[in-house]
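Trainee:
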Amino acid sequence: MSRNFWFVLILVYLVVGLVSFVSLLNHNFKTDSKNKELQNKILETQLQIKNQELQYLKKQIHPHFLFNTLNTIYGFAIKQSKDTPEIILKLSNLLDYILYQVNKPKVSLKEEVLHIKEYIDLEKIRFQDTLKVKFNSNEISEEIEIAPMLLIPFVENAFKHGNLIEGFLTVEIVISVSDNKLNFFIKNTFSNDDEDKNETGIGLENIQKRLYLLYENNYQLKIEKRENWFQVNLVINKLKQFSND
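Residue numbers (this note's numbering): 20 to 264.
#1: In terms of residue numbering, what span does the alpha helix (DSSP H) encompassing K179 cover?
#2: Since S127 contacts N157 with CB under 8 Å, what's their CB separation in whole angstroms?
#3: Should P124 go down as buried or exposed, given a rule of 16 or more other Cβ atoms within 10 Å for buried?
#4: Is the number of C-beta pairs between the stretch 150-166 and the stretch 105-117 that are closer than 8 Å three or more?
#5: Report the option in M168, N122, N182 and K55 whose CA atom is closest to the CA atom of F209.
#6: In angstroms, rounded to a whole number, what distance separates the CA positions of V34 and L43?
#7: Can you give the Cα-Cα distance for G186 and F146, rounded to whole angstroms?
#8: Can you name the residues that DSSP bridges to I194?
#9: So for E235, helix, strand or coil by DSSP?
#10: Take every Cβ of the stretch 247-258, pair it with every Cβ of the stretch 198-212, and state whether three or more of those distances are shorter than 8 Å.
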């Protein structure tokens, strides 16, 4: 009886211990599942917030030049200039890109560069003989993609906040892609008497927020003023990685 008692007692303890162990494992499993589910919801919420912020920033990108361009078209139309249809066509193409392509997560870098050229053409018409533009770009593969309207705001800022020096607004732009890296450089003349002008408005602030949200730890942005020049140098690494995401 004594042996059976101790045997039964040990067996009871083993069963109780086993049941407790299984219950504890089950509880831990449920807790882990709930934690993972909660983490997934948090990540999903953060992603939604990020997307909403990106959409908000995109909607704030306002093509202020539109009003100036429309005034230019109006002036050309009054003069019955033969260039009026060409101006309207360029503006139409650019607006289509700004209003519709911006909703896409990514676009061809080659297409972005093409619309930068169209934007410059419109500004040349508006500024007439008071504008000097130097634009250089190497051959860009169709496969390379970036976020839409990523470079154009820098160009828009150069024309909006630039100043005429010795009778000319001078803008220089260099775009190159090599070793899976984008190098974008732009500078414009500005007056020291209006030193803070290039840093006003929402354009540069918005683009910096977009860069952080889209290319965090994968880009370098340098903005500086040198004598009568305001210049921006943007480098984005691992372009193909973004294109394949």
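Beta carbons: idealized from backbone N, C-alpha and C, even for Gly.
Mentor: On the basis of the supplied data:
#1: Here residue 179 refers to the residue found at position 160 of the sequence shown. Its alpha helix (DSSP H) spans residues I171 to H180.
#2: On the sequence shown, position 108 is the one that residue 127 refers to. On the sequence shown, position 138 is the one that residue 157 refers to. Actually they do not touch by this definition, with Cβ atoms about 15 Å apart.
#3: By one-based count along the sequence shown, residue 124 stands at place 105. Under this definition P124 is an exposed residue.
#4: no
#5: Your numbering for residue 209 matches position 190 in the sequence shown. The residue with the shortest Cα to Cα distance from F209 is N182.
#6: Position 15 of the sequence shown, counting from 1, holds the residue named residue 34. Position 24 of the sequence shown, counting from 1, holds the residue named residue 43. Distance between the alpha carbons of V34 and L43: 14 Å.
#7: Walking along the sequence shown from the start, residue 186 turns up at place 167. Walking along the sequence shown from the start, residue 146 turns up at place 127. One alpha carbon belongs to G186, the other to F146, and they sit about 11 Å apart.
#8: Taking the first residue of the sequence shown as position 1, residue 194 is located at position 175. Paired residues: S156 and F203.
#9: Start at 1 with the first residue of the sequence shown, and residue 235 comes out as number 216. Correct three-state label for E235: coil.
#10: yes
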